[in-house]
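Participant: According to mature numbering (1 follows the signal peptide of the UniProt record, and there is no 0), the stretch in the sequence shown is residues -17 to -1, 1 to 154, in order. All C-beta atoms, glycine included, are put in the ideal place defined by N, C-alpha and C. Got a structure for you, written out below as structure tokens; questions coming shortly.
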Amino acid sequence: MRRLLFALALLPAPLSAEPGIAHFSGLLPLNAPDAPETAALLAFLHDNDGKLVFLDIDIDTSVSIQPQIDAMRACGLLADEEGFDAADLLNTPLGIPTLRDGQVNCWNSVTFETPRSTLPMNAASMGIVSWRQEGFFLVQGLMKGGQNPPSYHLREIAADAATWALQVNSR
């Protein structure tokens, strides 16, 4: 019983209604090196390092053209065009594709730590796929060998209904 109480004490407490939480809504293209959408997300995470934020992100994993396939493979996110699902996006570092010397580099990453096992999917046509990640996250920047921008670890925090309502109504 004592171990159970200790383990429960380590879990984050559910978030209750608080105004003033920074919000980001946009796209995280895991298939396009140096995308402006990625730069916007990284700037937001940099500005909110160590803070609680609300994220409403569509994670683009489309592989409808060869450069998208190449970027996903370079970042270790795609073994083959048919073997990708939401579980591949959760609780694992997702390489952020950038171009260096004409090659895709995935040194920096974003990790969504979440108790979820799946995410809502949007599939427009063959090879066009995005996954919706929405919730409250604690942002933690991780420096990797002095790289700028750093990688980020995003830990999902449970929130009560009033907090969700505040965030949705403030959009």
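Tell me the DSSP bridge mates of Ala22?
Facilitator: According to DSSP, Ala22 bridges with nothing at all.
Participant: What whole-angstrom Cβ distance do Asn14 and Gln51 have, given they're in contact under 8 angstroms?
Facilitator: Their Cβ separation, rounded to whole angstroms, is 4 angstroms, which keeps Asn14 and Gln51 in contact under 8 angstroms.
Participant: Report yes if the C-beta distance between Leu38 and Leu72 is below 8 angstroms; otherwise report no.
Facilitator: Taking 8 angstroms as the Cβ cut-off, Leu38 and Leu72 do not qualify as a contacting pair.
Participant: Are the CB atoms of Asn31 and Ala70 within a distance shorter than 8 angstroms?
Facilitator: No, they are not a contact pair.
Participant: With H, G and I counted as helix, E and B as strand and the rest as coil, what does DSSP make of Met55?
Facilitator: Met55 falls in the helix class under three-state DSSP.
Participant: Gly3: which of Asp17, Leu11, Val36, Trp114 sits nearest, CA to CA?
Facilitator: The shortest Cα separation from Gly3 among Asp17, Leu11, Val36, Trp114 belongs to Val36.
Participant: Give the DSSP-derived three-state secondary structure of Pro50 in the structure shown.
Facilitator: Reduced to three states, the DSSP call for Pro50 is helix.
Participant: Pick out whichever of Ala54, Leu125, Ser100 has its Cα sitting closest to the Cα of Thr79.
Facilitator: Note on residue identity: the sequence assigns Ile, not Thr, to residue 79. When each option's Cα is compared against that of Ile79, the closest is Ala54.
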